[in-house]
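Student:
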Amino acid sequence: MDPIEQRVRESLQARAEDVEPTPHLYRGVQERIGRRQRLRVAAWSLAGLAAVAAAVLVVPTVLANLDQRTPEVADTPDPVETPEGSSAPGEPTHALLAFDDLDGAVVDLVELGSGARDEVWNAEDPDAAVTALVAAPGGTAERFRAAAVVARGDGPASLVVIERGGAGPTVSVTPTSDLPGGTGVPPVIAISADGEWLAYTGISQTVDAAVAVYVVRIDAVDATLDPARAVEVHTPAAADAPDLLRGLRGWIGPTSPEGAVSHLFVATSEGVEALVLERADTGSGSPGSPRAQGFTDVERVALDGGGVEDVASGLVVDVSHTHLDADLAPAHRLAFREDGALEVAFDGTRSVIGDRFVHDDEVRLDARGRTALLVGGGTAVTVRYLEVGMERGPAPAPEVTDLAEGVTAGALLGGAALTGPDPVEETPEEVPGPAGGPLGDGLVVASDTTVSLVRPDGSQQELVTFPAEGESTVVDVAVRPGSTADDLTVAITTRAEGTFDVRSLRVVGGEVDTGNLEADADGGAEGTTFPAEVVGSTIPAGVGGFPVTAPDLQDGGEPAAAWSPDGDLLAVFVRLAPGEPAEVRTIGWDEDGPSEDGNLAATFQLDTDRPLTLRGWSWTDDAEAEVAREGQLLLVDRMAREAFTVRLDRQGDGAPAMPNVNPLVSVEQGRPGEVLDLADADGDGTVDTWLGVSDPHPMLYREQRDGTGDGAIGWDVEVDAAGPRDVSFVATSPQLILVVLDPAQPMLVDPASGDVRPAPLEGEVVSADVVR
Amino acid sequence: METSVLAMVRAGVDEGSFAAVFNAHHRQAVRLAYLLVSDPHLAEDVVSEAFAKVYVRWRKGEVRDVGAYVRRAVANEANSRLRRRYLERRVADERSGDDRGVRLVDEDAADRDAVWHAIERLPAKQRAAVVLRYYEDLPEAEVAEILGCSVGTVKSNTSRGLSRLQELLGGAAATEGTGTTRGGER
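Note that the protein sequences, when read in sequence, are chains D and X. The first sequence maps to residues 1 to 772 in my numbering. The second sequence maps to residues 773 to 958 in my numbering.
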């Protein structure tokens with residue numbers, strides 16, 4: 001055992017032996033158990049988290065590019081008296097909760113204010129368990145329509161429709177084996193906004209090994225499902241890979257009268273899609289049924305995350321919220337954070353739910369208006385937002401109330417039903433670009449022979465031109481962090497006559513700095529006519545004898561440079577000869593250029609024969625205020641189409657450090673395709689790593705970390721649906737992403753919305769970096 | 773101990789079984805929680821909450837390995853509180869300065885004390901990995917399951933934690949075993 005391991009072990013053992021439980025501990029456990037078992041507990045406020053919630057305001061959810069019509073809000077049927085504590089019209093007053101009782105599943109009507117329970121339906125089967133429960137918007141305690149999935153051991157599940165009208169509840173139980181696609185798949189369900197239709201998942205009858213969404217009409221008279229009217233609808237993700245389909249997350253818009261359009265939100269593990277359904281008397285569906293518009297009309301919903309990104313498991317598009325309009329649909333969302341806490345979000349307000357759920361609980365969400373219902377691990381709680389929205393300033397933390405224990409599924413009653421006249425078509429507004437303009441703080445772009453600065457206003461300034469006769473070509477540019485369009489440093493890697501060189505170029509006050517041109521003319525600028533300060537050249541001179549020149553090896557990868565996130569170090573990845581280890585060389589940097597601090601100039605060997613290219617350097621810890629940082633280099637193997645990270649830290653004195661045993665870590669596991677490039681962008685307390693992926697269609701895939709560990713979220717952006725293409729490279733900042741598939745057609749992506757547009761750049765782009 | 777037995781008797785038949793479960797695991801749970809959060813009162817709070825959650829699952833017969841489930845619940849509960857405390861501690865450390873150089877009469881005790889204080893300064897996930905590996909003596913796969921992460925992450929956090937401990941413990945002796953190449957080599 002390593003000495004440090006032994007010391008740690010001894011210290012922990014010694015410290016632990018000093019600790020004895022107090023006699024009161026079991027009483028504390030009993031009290032907590034009792035508290036959880038009580039049906040109602042006084043609402044408590046997350047006052048201590050108010051400051052956090054106020055400080056972390058997220059941008060409201062934007063359903064970008066969703067050609068969504070504005071549904072009219074119809075009269076809420078039979079409004080009930082608003083209970084104490086609920087003030088907003090249409091806010092839920094009751095919930096339907098399914099309990100796992102010893103006698104089997106029961107569904108109770110539970111009053112949110114008092115916790116009073118009234119049994120609505122009893123499965124009368126000890127093996128039955130309700131696994132999903134949905135209610136149509138606008139329901140009240142006296143009049144509602146709901147549907148549930150009832151599982152019975154290994155047998156087929158049933159779909160149950162529960163309706164309460166004037167005389168009492170009417171219940172219809174339909175084994176899914178009697179419905180199309182209903183065998184063998186535990187279904188998930190959604191109910192239409194007008195309560196007239198039910199969507200459920202099942203085995204496709206038209207596509208082998210695919211899961212489909214079925215839509216079936218609920219008979220309003222006796223609340224039955226008519227198997228003959230079930231229509232199979234496809235969602236591309238589910239058809240391609242059934243495992244991707246995670247659930248149905250809301251159904252916006254009317255399904256009647258004829259011609260009305262609604263959107264059914266389908267959650268997949270890759271995001272949320274809006275499935276367009278149209279009521280029609282002719283077409284592919286049965287007469288009078290919703291008609292699927294097919295693959296081409298399925299729209300990918302872009303969600304502005306704000307950190308709550310697990311859309312597949314924790315999203316409810318709020319179908320009843322009165323703010324619903326053409327391009328803004330508030331959505332309740334939830335996700336477990338890396339620290340294990342459950343975070344909920346609604347319309348700009350984000351809060352942590354304390355200790356109700358553990359990380360392995362499968363928490364389900366329902367929402368109406370400003371109220372959300374969370375069910376998981378047997379516990380049901382409500383979260384009520386008193387004030388919401390960014391424009392109203394910091395919002396108070398929501399009110400969290402324990403509702404019940406032993407709950408397996410739940411649905412809120414209330415909100416406004418979205419039935420009504422045919423909605424008016426609205427012209428979707430253009431999605432605004434990122435703050436500061438679509439080009440952020442600017443770009444440095446390279447063609448084969450020229451490096452140019454693209455300013456935020458789109459004007460392009462040529463910085464360097466390499467002479468054609470020397471056959472010099474630019475292969476990489478890297479902008480020093482902390483640069484602006486008027487004052488920047490860029491490391492340029494070129495290939496010429498069998499060697500690679502790395503040079504640096506400075507722009508001061510908007511002009512190229514030529515101060516060192518003469519001094520370096522003999523050493524590095526030979527054969528070139530550009531005004532550049534030379535770091536390395538065809539003659540291994542460089543700065544302070546620090547060579548950054550490497551031969552052009554066949555299949556050896558391309559040398560390239562990357563800056564540390566604060567710009568204090570420049571790293572260059574090279575391989576000097578075939579079969580020799582690759583090297584990472586670093587050099588310090590300050591405002592005047594290369595540092596003379598010898599401690600910062602270091603060489604580290606990497607035992608790999610992969611033809612790697614360096615793509616970035618980022619910190620992986622959260623020690624923002626410290627000099628010592630843990631970091632990683634981003635590398636790509638373009639031949640094998642794989643991406644890797646390798647650790648490179650900085651010590652307390654600023655010197656770089658690399659562990660002796662330092663394996664390459666693949667970053668492609670679990671990705672939907674081959675990783676062709678990756679780039680980091682430091683944001684507000686987080687680091688986004690954008691992966692350019694081909695699956696074979698090019699996609700951007702984001703991982704986000706906040707310095708607390710390895711947790712990641714995924715969000716993909718389809719950058720070109722026209723056909724299979726490779727991602728040449730990606731350059732990112734928190735404000736923008738430049739992605740290049742075709743050098744002649746670079747594209748800009750808004751990281752917030754996923755909006756993709758052509759980049760206003762002149763000429764072909766072989767490399768680029770973002771000014772940041 | 774006597775009080776715990778009395779609590780078991782008072783708890784009734786169903787809870788009596790759970791009291792037995794509690795009695796079998798609570799001491800180890802409190803010690804684990806303490807090593808994760810450093811505060812004995814907070815450790816008991818963490819353990820209370822963890823057992824309350826275990827109870828819900830245990831009552832349904834869903835817990836096969838109570839010890840493992842308790843460890844997981846404790847680690848999860850502690851983790852959410854630890855990061856905030858870690859940040860607070862860093863601020864406190866900045867105020868109070870480094871305690872390197874403090875020498876106690878018993879050198880072994882002094883070393884254990886120094887190591888412990890260094891462990892307290894680790895980021896939450898590194899600390900959890902180190903504690904579960906070297907106090908609970910759990911294999912990496914089990915630590916990964918408890919922490920809800922990959923084995924690779926456990927290895928990484930453990931390794932980083934040890935490196936950070938050596939750095940915090942300071943001195944040339946600490947640097948010898950780090951396995952780290954220092955910048956400046958050519």
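Glycine included, every Cβ here is placed at the ideal spot set by N, Cα and C. Fair warning: this is a prediction, and the values are worked out from it, not measured in the lab.
#1: For D/Q605 and D/L648, I'd like the C-alpha separation in whole angstroms.
#2: Using a 10 Å radius around the Cβ and a threshold of 16 neighbouring Cβ atoms, would you call X/A886 buried or exposed?
#3: Roughly how many whole angstroms lie between the Cα atoms of D/V381 and D/R333?
#4: How would you list, in chain order, the residues of chain D whose beta-carbon sits under 8 Å from the beta-carbon of X/W830?
#5: Which bits of chain D does X/I918 rub up against, with CB to CB less than 7 Å?
#6: Tell whether a beta-carbon distance below 8 Å holds between X/A791 and X/V818.
#7: Please list, in chain order, the residues of the stretch 909-936 of chain X that have any C-beta partner in chain D closer than 7 Å.
#8: Am I right that D/V749 and D/V727 are in contact with their C-beta atoms under 8 Å? What's the rounded C-beta distance?
#9: Less than 8 Å between the C-beta atoms of X/A805 and X/V835, yes or no?
#10: Closer than 8 Å, CB to CB, is D/S11 near chain X or not?
#11: Roughly how many whole angstroms lie between the Cα atoms of D/S192 and X/A822?
#12: Could you tell me the alpha carbon to alpha carbon distance between X/R936 and D/V574, rounded to whole angstroms?
#13: I need the DSSP call for D/Q461, collapsed to helix, strand or coil.
#14: Roughly how many angstroms separate the alpha carbons of D/A640 and X/K897, rounded to a whole number?
#15: Less than 8 Å between the CB atoms is what I'm expecting for D/V444 and D/L453, so what's the real figure, rounded?
#16: Are D/D108 and D/E124 closer than 8 Å when you measure CB to CB?
#17: Beta-carbon of D/R32 versus every beta-carbon of chain X: anything under 8 Å?
#18: Mind checking whether D/A562 and D/A571 have CB atoms under 8 Å apart?
#19: Tell me the rounded alpha-carbon separation between D/E664 and D/G616.
#20: Helix, strand or coil for X/S820? Go by DSSP, reduced to three states.
#21: Since X/E879 meets chain D, which of its residues come closer than 7 Å, beta carbon to beta carbon?
#22: Are the CB atoms of D/V161 and D/L225 within a distance shorter than 8 Å?
#23: Inspect the beta-carbon positions of D/V771 and D/L505 and report whether they are closer than 8 Å.
#24: Could you run through the stretch 11-27 of chain D and flag, in chain order, every residue whose CB is less than 9 Å away from some CB of chain X?
#25: Confirm, please, whether the CB-CB distance from D/E626 to X/L979 is below 8 Å.
#26: What are the residues of the stretch 563-588 of chain D that lie near chain X, defined by any Cβ-Cβ distance shorter than 8 Å?
#27: Consider the Cβ of X/L940: report whether some Cβ of chain D lies at a distance smaller than 8 Å.
#28: Which value, in whole angstroms, describes the spacing of the CA atoms of D/P481 and D/P594?
#29: Go ahead and pull the three-state DSSP assignment for D/Q205.
#30: Could you tell me the alpha carbon to alpha carbon distance between D/A151 and X/K927, rounded to whole angstroms?
#31: With a Cβ-Cβ cutoff of 8 Å, do D/S751 and D/P734 count as a contact?
#32: In whole angstroms, give me the CA-to-CA distance for D/R27 and X/F794.
#33: For D/V661, count the other beta carbons within 10 Å of its own beta carbon; 16 or more makes it buried, fewer makes it exposed. Which is it?
#34: Cβ of X/H797 less than 8 Å from any chain D Cβ?
#35: Beta-carbon of D/E703 versus every beta-carbon of chain X: anything under 8 Å?
#36: Examine the ligand GTP and report whether any of its heavy atoms sits within less than 7 Å of the Cβ of D/V661.
Tutor: Let me lay it out:
#1: What you label residue 605 of chain D is simply residue 605 of the first sequence in a count that begins at 1. What you label residue 648 of chain D is simply residue 648 of the first sequence in a count that begins at 1. Roughly 11 Å between the two C-alpha positions.
#2: Within the second sequence, the letter at position 114 stands for residue 886 of chain X. Buried is the call here.
#3: Within the first sequence, numbered from 1, the residue matching residue 381 of chain D stands at position 381. Within the first sequence, numbered from 1, the residue matching residue 333 of chain D stands at position 333. Computed Cα separation, rounded: 15 Å.
#4: Residue 830 of chain X sits at position 58 when you count from the first residue of the second sequence. Chain D residues near X/W830: none, gap ~10 Å exceeds 8 Å.
#5: The residue you call residue 918 of chain X lines up with position 146 of the second sequence. The contacting residues do not exist; X/I918 stays about 10 Å from chain D at best.
#6: Taking the first residue of the second sequence as 1, we reach residue 791 of chain X at position 19. Taking the first residue of the second sequence as 1, we reach residue 818 of chain X at position 46. No, the Cβ-Cβ distance between X/A791 and X/V818 is not below 8 Å.
#7: G920, C921, T925, R932, L934
#8: As a working mapping, residue 749 of chain D is identified with position 749 in the first sequence. As a working mapping, residue 727 of chain D is identified with position 727 in the first sequence. Rounded to whole angstroms, the Cβ separation of D/V749 and D/V727 is 11 Å, and the two are not in contact under 8 Å.
#9: As a first step, residue 805 of chain X is located in the second sequence; it is residue number 33 there, counting from the start. As a first step, residue 835 of chain X is located in the second sequence; it is residue number 63 there, counting from the start. Result no, Cβ atoms of X/A805 and X/V835 do not sit closer than 8 Å.
#10: Mapped onto the first sequence, residue 11 of chain D falls at position 11. In terms of beta-carbon proximity, D/S11 lines the interface with chain X, with at least one pair separated by less than 8 Å.
#11: Working through the first sequence from its first residue, we reach residue 192 of chain D at position 192. Working through the second sequence from its first residue, we reach residue 822 of chain X at position 50. Using only the alpha carbons, I get a separation of about 40 Å.
#12: The count along the second sequence starts at 1 and reaches residue 936 of chain X at position 164. The count along the first sequence starts at 1 and reaches residue 574 of chain D at position 574. Cα-Cα distance, rounded: 29 Å.
#13: Indexing the first sequence from 1 puts residue 461 of chain D at position 461. Strand.
#14: As a first step, residue 640 of chain D is located in the first sequence; it is residue number 640 there, counting from the start. As a first step, residue 897 of chain X is located in the second sequence; it is residue number 125 there, counting from the start. Distance between the alpha carbons of D/A640 and X/K897 is about 33 Å.
#15: As a first step, residue 444 of chain D is located in the first sequence; it is residue number 444 there, counting from the start. As a first step, residue 453 of chain D is located in the first sequence; it is residue number 453 there, counting from the start. Sure, about 6 Å apart at Cβ, within 8 Å.
#16: Locating residue 108 of chain D in the first sequence gives position 108, where the first residue counts as 1. Locating residue 124 of chain D in the first sequence gives position 124, where the first residue counts as 1. Contact: no.
#17: Taking the first residue of the first sequence as position 1, residue 32 of chain D is located at position 32. Under the Cβ criterion of 8 Å, D/R32 is counted among the residues facing chain X.
#18: The residue given as residue 562 of chain D occupies position 562 in the first sequence. The residue given as residue 571 of chain D occupies position 571 in the first sequence. Yes.
#19: Locating residue 664 of chain D in the first sequence gives position 664, counting from the first residue. Locating residue 616 of chain D in the first sequence gives position 616, counting from the first residue. Per the sequence shown, the amino acid found at residue 664 of chain D is Leu instead of Glu. Cα to Cα, D/L664 sits roughly 14 Å from D/G616.
#20: On the second sequence, position 48 is the one that residue 820 of chain X refers to. It is helical.
#21: Reading the second sequence from its first residue, position 107 is the one you call residue 879 of chain X. Within 7 Å Cβ-Cβ: nothing; X/E879 doesn't reach chain D, min ~12 Å.
#22: Start at 1 with the first residue of the first sequence, and residue 225 of chain D comes out as number 225. Start at 1 with the first residue of the first sequence, and residue 161 of chain D comes out as number 161. Yes, they are a contact pair.
#23: Residue numbering aside, residue 771 of chain D sits at position 771 when the first sequence is read from its first letter. Residue numbering aside, residue 505 of chain D sits at position 505 when the first sequence is read from its first letter. No, the Cβ-Cβ distance between D/V771 and D/L505 is not below 8 Å.
#24: S11, L12, Q13, A14, R15, A16, E17, D18, V19, E20, P21, T22, P23, H24, L25, Y26, R27
#25: One cannot answer for residue 979 of chain X here, as it falls past the ends of chain X, which runs 773 to 958.
#26: T586
#27: For the purposes of this step, residue 940 of chain X is identified with residue 168 of the second sequence, where counting begins at 1. Output row for X/L940: interface = no.
#28: Indexing the first sequence from 1 puts residue 481 of chain D at position 481. Indexing the first sequence from 1 puts residue 594 of chain D at position 594. Whole-angstrom Cα-Cα distance: 15 Å.
#29: Sequence index remark: in the first sequence, residue 205 of chain D carries index 205 (1-based). In this structure, D/Q205 counts as coil in the three-state DSSP scheme.
#30: By one-based count along the first sequence, residue 151 of chain D stands at place 151. By one-based count along the second sequence, residue 927 of chain X stands at place 155. Rounded to whole angstroms, D/A151 to X/K927 spans 40 Å at the Cα level.
#31: Looking up residue 751 of chain D in the first sequence gives position 751. Looking up residue 734 of chain D in the first sequence gives position 734. In the sequence on display, residue 751 of chain D carries Pro and not Ser. Result yes, Cβ atoms of D/P751 and D/P734 sit closer than 8 Å.
#32: Start at 1 with the first residue of the first sequence, and residue 27 of chain D comes out as number 27. Start at 1 with the first residue of the second sequence, and residue 794 of chain X comes out as number 22. Their Cα atoms are separated by approximately 11 Å.
#33: By 1-based counting over the first sequence, the position of residue 661 of chain D is 661. Looking at its Cβ environment, which holds fewer than 16 other Cβ atoms inside 10 Å, D/V661 is exposed.
#34: As a working note, residue 797 of chain X is residue 25 in the second sequence. X/H797 does not count as touching chain D.
#35: Start at 1 with the first residue of the first sequence, and residue 703 of chain D comes out as number 703. Cβ-Cβ to chain X under 8 Å: no for D/E703.
#36: Although the ligand GTP was asked about, the structure shown includes no ligands whatsoever.
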